[in-house]
Structures are given as structure tokens and as C-alpha cells.
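Please read the structure below before turning to the comments.
Protein chains: 2
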Amino acid sequence: MSDLFPKKGHDHDRCVHSALAQAEKVCDAENARFTDMRRKVFTLIWQSHKAVTAYELLDALTAEGQRVQPPTVYRALEFLTELGLVHRIESLNAYFGCDRPDCEHLGQYFICTDCGRVAEAVNEDMSNAVRKAARGVGFTIEATTVEIKGLCHDCATH
Amino acid sequence: MSDLFPKKGHDHDRCVHSALAQAEKVCDAENARFTDMRRKVFTLIWQSHKAVTAYELLDALTAEGQRVQPPTVYRALEFLTELGLVHRIESLNAYFGCDRPDCEHLGQYFICTDCGRVAEAVNEDMSNAVRKAARGVGFTIEATTVEIKGLCHDCATH
DNA sequence: CAGAAAATGATATATTATAACATTTCATCA
DNA sequence: TGATGAAATGTTATAATATATCATTTTCTG
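Chains A and B are the protein sequences, given in the same order.
So that you can map any letter, position 56 of the first sequence is 56 in full-length UniProt numbering, and since no number is skipped, the others follow by simple counting.
So that you can map any letter, position 1 of the second sequence is 1 in full-length UniProt numbering, and since no number is skipped, the others follow by simple counting.
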């Protein structure tokens, strides 16, 4: 079993730095501006491996001394989402940083209902099953939402 | 190809009556009360093959002369959802009537972005792929959300 | 640097959902 | 059969999530 979820005590700064580096790369490639606000929001999203709501981000920005209104946060989220740097978790109305913003993928999200962490999988079996099912019913896929709630391995075993 | 979506001009009364009959059966089996309000909400949900928001239901009830507040609708939805008579479509914040309330299943939803219709699939390939992926990462499933947006066959070809 | 485009600020409001307490309805059994 | 408790619904208020619109600032480009 390969746990998708990060180990306890992992070096989270590394996650954040790597995510920032990837984000910069993607923005660069897309000729999109990774402005201060976008970087702040992105960094806040990466503060944990949980999904974060727009208003939690708003509060965090306020706590940092920024006086910011909802549209500002939602715009940053829209930007980040469109570039694939962040995914919206529909069943939580919350946002989650993407590990692999540089490749197209149908992501699948495991959401632990105990610790709240989220992990993204890019599982070809699942993707193919979805594509095949769609083909079977003559359906043209534009977007998919696959969210799986339950207990991560840590929470199930402790 | 077997289209999941109902044919144009199908006898929709039959859908509604069949759904009501199934709902009654399930409520009976569960010793749950299919009250007037619950039946009204359920019937309204089945007025189309689209997903319906709570406030659309509220408006429809108001139009019928009922003066109803949000909690009333949300309670009916909670009841129907818990019995599996209705599913929540997370990516639409809307509710959709279930065809197969009598058997446990991990449902998958195809949502046409053109005509707005929704169709539920119970595809074992998809379900198994999800279960297998979860097993592979030591994840214990509690609930799944699989929602596929795109064009239904009718809309793709017309 | 001027002008256009993009981003952010600010205000207001729409949409979705729930908390808390009051009242009514319904099943049951003494 | 009517008292009683549980379930359902009514009522009021408010929380949580999201967007529309117009003003201002920042950045890019020629």
C-alpha cells in the first residue's frame, strides 16, 4: 500500500516551496501573472494538506493585516483554478492545492473525514473507467468530479 | 450505445408514478413517514430529469400556494436524502431523484451542461475502480461523489 | 510617457444552508 | 379515548458561500 497522504512530521516547507516553484513555472508558461495576492492565496492554501474555504482564506489574509473583500479572494481562486494550480472540492465548498499542475489530468480526491486532510490521486484505472462509462452512454466529458470520503490509513489504524 | 437519458417525448408521468411507488415502498420498509410535505418535495424533484435547487423547490411550493420557509424544504431534502430517495449533486448544489432507492449503490451522475438533464448510472467498472484505488492507498470509503459534466448524446449530436 | 488592458478595491446583494425555539400532528398505550 | 411523548412542521433569525457592478490602481505595450 502506498499512502497518498503525507507522513506525519514530513518537511512541509518542502511541499510549499515545491508548490510555489511549480506555480511559478506554470504561470510563466501561460504568460499569466502570479501577483502578490495570488501568491498569498496560493501559499495560504498550501499551509496544510486540507481543503480551505474562501472565507478561511479571507480571515487568514485579514489576520496578516490585509484588509480584503470576498471578491478579491474569489478572483484569486478563479485564477488559480483556471490554471489548474488549485482544485475546488465540490463536496466541501473548499479549495485544495494541486501537486501536478503541469499535466492535464482527471483528478480524484480522497478526503479524510477524521483528520480533514485531502489527497489527490491521478489514477488511470479510475479515469479510464469514467471515460469508458461515458463512451458507453454516448456522453462527451467536459469535466469530472471524483471525491471519495472516508478514513485515511493513519486515521483508520490509530 | 445505451443512452441513460430518457428519450424525448417519453411518458414522464410514468417516471413520476414509478418513483412515487418506489418511495412509498422504501418508506414503508424503513418505517418512515412519507408525509404530505415530503411527498410534495419529492414530486417536485421528479417534475423533470434535471437537478433542482432547494430554493427552486421553495419557489415551486410557494407557487402552489404553500407558504413555506427554507428549513421546511431542507428538512424534507434531508429525509429524502437519508433514505436514498434523492441524491445531492455536489457540483450543482442541487438535488436529484434516484431511480433505484431500494438497493445500495455508489451512484455516478452524468450532467449535461447543455440541456441540464442529469442521469444516474450504477456502473460497476467505475465503482470497482474507485474501491480498488481506495484499497490501494489504504483508504476506507464512507461515501463517494462521482459527477461527470459534459454533453449528453442528444445535445452532442443535434 | 500615453493609452489600453489587467488586476484589485469597494459596495452591495444574491444564493445556499442551518440554528433555535414554538407549535402542530401523530402514534401509542393506559 | 384522551393524555402523553415523539416526530414533524412552522417561524424567526442568521450563518456561510458566492457574484454583480462600478471605481481605482497597477502593469504592459507601443
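The C-beta atom is built at its ideal place from N, Cα and C for all residues, glycine as well.
These numbers were taken from a predicted model, which means no experiment stands behind them.
- Chain order gives the chain A residues near HIS153 of chain B as VAL137, GLY138, PHE139, THR140, where near means a beta carbon separation below 9 Å.
- DSSP, reduced to helix, strand and coil, places GLY138 of chain A outside both helices and strands of the structure shown, so it counts as coil.
- In its own chain, leaving out the 5 sequence neighbours on each side, no residue places its CB closer than 7 Å to the CB of ALA29 of chain A.
- For the pair GLY136 of chain A and MET1 of chain B, the CB atoms are nearer than the 9 Å cut-off.
- Annotated three-state conformation of LYS40 of chain B is helix, per DSSP.
- Assigned with DSSP and collapsed to three states, CYS27 of chain B falls in helix.
- Restricting attention to B:ASP13, B:SER18, B:HIS49, the CA atom closest to the CA of GLY116 of chain B is found in B:HIS49.
- Exclusion of the five residues before and after MET126 of chain B leaves GLN108, VAL146 as the residues of its chain whose Cβ lies within less than 7 Å of its Cβ.
- Annotation: VAL130 of chain A to LYS8 of chain B spans about 25 Å, alpha carbon to alpha carbon.
- Counting only runs of 4 or more residues that sit fully inside the region 59-103 of chain A, the alpha helix (DSSP H) segments are 70-82, in chain order.
- Listed along chain B is no residue with a C-beta nearer than 7 Å to that of LYS7 of chain A; the closest approach is about 13 Å.
- The beta carbons of THR140 of chain B and LEU106 of chain B sit about 14 Å from each other, so the pair does not count as a contact at 8 Å.
- Using a Cβ distance threshold of 9 Å, THR157 of chain B and GLY138 of chain A count as a contacting pair.
- DSSP, read as helix, strand or coil, puts CYS115 of chain A in coil.
- At a cut-off of 9 Å between C-beta atoms, ALA156 of chain A counts as an interface residue with respect to chain B.
- In the structure shown, THR157 of chain B adopts helical secondary structure according to DSSP, grouped into three states.
- Between PHE96 of chain B and ILE148 of chain B, the C-beta gap is not smaller than 9 Å, which leaves the two residues out of contact.
- Going by beta carbons, ALA19 of chain A and VAL41 of chain A fall outside the 9 Å limit.
- Shown in chain order are the members of the region 83-111 of chain A whose Cβ falls below 8 Å from a Cβ of chain B: GLU90, SER91, GLN108, PHE110.
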